[in-house]
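By my numbering, the letter at position 51 of the sequence shown is numbered 240, and the numbering carries on one by one without gaps. Backbone N, C-alpha and C fix where the C-beta goes; we use that ideal spot for every residue, glycine too. Note that the coordinates shown come from a computational prediction; the quantities given were computed from them, not determined experimentally.
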Amino acid sequence: MSTLGFTALTTSHQLLGVDDEEIVKDYTLTTIGLEPALPGLIERFKAHDVYRNDWEGTMNMASSKWVRRTTIS
Numbered sequence: 190m191s192t193l194g195f196t197a198l199t200t201s202h203q204l205l206g207v208d209d210e211e212i213v214k215d216y217t218l219t220t221i222g223l224e225p226a227l228p229g230l231i232e233r234f235k236a237h238d239v240y241r242n243d244w245e246g247t248m249n250m251a252s253s254k255w256v257r258r259t260t261i262s
């Protein structure tokens, strides 16, 4: 999820009264939830230039790790 997407998600949940801790806990489940599917997803990603050309970004999509990106490719 992009930083903008996460910010929008966080803001909308705050407006609905959801606690920040709950948002963070839910967001960190991304890595755990995708882990079983990762080998198959990796093979599919390797077949497409858009993913192969930005492998760090591709792997970041499958985790809840936040990486500051300064350029848009």
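Next item on the list: Quick one: grab the DSSP three-state call for Ala226.
Entry: Numbered from its first residue, the sequence shown carries residue 226 at position 37. Helix at Ala226.
Item checked: Three-pair Cβ contact test at 8 angstroms for the stretch 220-227 versus the stretch 241-255 -> Pairwise C-beta distances place the stretch 220-227 in contact with the stretch 241-255, as three or more of them are shorter than 8 angstroms.
Notebook entry, point to check: Expressed to the nearest angstrom, what Euclidean distance is found between the alpha-carbon atoms of Phe234 and Thr217?
Noted result: Working through the sequence shown from its first residue, we reach residue 234 at position 45. Working through the sequence shown from its first residue, we reach residue 217 at position 28. Rounded to the nearest whole angstrom, the CA to CA distance from Phe234 to Thr217 is 22 angstroms.
Note to self: Please report the distance separating the alpha-carbon of Asp238 from that of Leu230.
What the structure shows: Along the sequence shown, read from residue 1 onward, the residue named residue 238 stands at position 49. Along the sequence shown, read from residue 1 onward, the residue named residue 230 stands at position 41. Those two C-alpha atoms are separated by around 14 angstroms.
Notebook entry, point to check: Would you report the Cα separation of Val213 and Val207, rounded to the nearest angstrom?
Noted result: Your numbering for residue 213 matches position 24 in the sequence shown. Your numbering for residue 207 matches position 18 in the sequence shown. Roughly 11 angstroms between the two C-alpha positions.
Note to self: Between which two residues does the alpha helix (DSSP H) holding Val239 run?
What the structure shows: By one-based count along the sequence shown, residue 239 stands at place 50. Taken as a continuous stretch (DSSP letters only), the alpha helix (DSSP H) holding Val239 covers Asp238 to Arg241.
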